[in-house]
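Since the structure comes first, as structure tokens, the remarks are kept for the end.
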């Protein structure tokens with residue numbers, strides 16, 4: 060079983076690459092954004108709980124996020140592995156994920172970060188914002204704030220996984236095919 064955490068700043072291509080990786084390696088793609096939207100739309104107990112925090116402008120507590128993720132893992136007992144996208148985002152979440160996976164006799168196999176220069180990504184998101192309609196992709200200041208938050212929260216995670224020998228960085232600039240090849244080279248050598 061392969062369990063991979065995919066890191067990358069907004070616009071780095073995580074979603075695009077996740078689609079290729081899930082197909083190539085037969086992984087179950089778990090995007091926390093998708094999981095939140097599904098649970099809220101379908102008014103699940105956890106979705107309604109998360110919505111109470113979001114409606115107040117608060118972050119959803121780790122315990123609720125982790126329960127949603129655990130539920131998704133439990134729904135896929137036949138999976139040959141998981142691709143975690145957007146989770147974990149903090150050391151506490153990483154530790155909780157490790158504890159949960161150990162309870163399933165599993166572990167994180169590797170974490171892979173798609174790395175790219177901020178200036179290139181800002182331009183990429185501003186271009187995406189012209190067609191996506193997403194307001195957070197149309198405001199350069201908001202984009203830079205997202206990167207600052209990513210840098211503050213994700214840097215400790217990199218160290219956490221480096222200490223376990225599970226962290227790999229991949230150049231996220233190039234054609235989709237080139238980046239897929241770089242990611243595949245890392246995964247094939249695990």
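Residue numbers (our numbering): 60 to 249.
Yeah, the Cβ is synthetic: ideal placement off N, Cα and C, and Gly gets one too.
Same chain, Cβ closer than 8 Å to residue i, neighbours up to 5 away in sequence not counted
i, result
"residue 185", "196, 197, 199, 202"
"residue 129", "159"
"residue 189", "197"
Residues that DSSP places opposite residue i in a beta bridge
i, result
"residue 144", "65, 90"
"residue 155", "According to DSSP, residue 155 bridges with nothing at all."
"residue 170", "64, 226"
Sequence-distant residues of the same chain with beta carbon closer than 6 Å to residue i, five excluded per side
i, result
"residue 177", "206"
"residue 148", "212"
"residue 144", "65, 73, 77, 90"
"residue 249", "168, 169"
Assumed close pair residue i, residue j - CB separation to whole angstroms, cut-off 8 Å
i, j, result
"residue 153", "residue 216", "6 Å"
"residue 60", "residue 165", "6 Å"
"residue 127", "residue 105", "5 Å"
"residue 75", "residue 235", "6 Å"
"residue 140", "residue 62", "5 Å"
Neighbourhood of residue i by C-beta, 7 Å cutoff - its chain only, sequence neighbours within 5 removed
i, result
"residue 113", "119"
"residue 228", "172, 174"
"residue 99", "106, 109, 110"
"residue 135", "87"
"residue 230", "174, 241"
- Report yes or no: do three or more beta-carbon pairs, one from the segment 160 to 178 and one from the segment 115 to 126, lie closer than 8 Å? no
- Evaluate the contact criterion for the segment 78 to 87 versus the segment 207 to 226: three or more CB pairs, one atom per stretch, below 8 Å. no
- Query: Counting Cβ pairs closer than 8 Å, one from the segment 153 to 173 and one from the segment 88 to 95, do we hit at least three?
  - Reply: no
- Uninterrupted alpha helix (DSSP H) stretches inside the segment 191 to 249 (no shorter than 4 residues): 199 to 222, 235 to 247
- Starting from the N-terminal side, write out each stretch of the beta strand (DSSP E) that is 3 residues or longer and does not extend beyond the segment 115 to 144. 140 to 144
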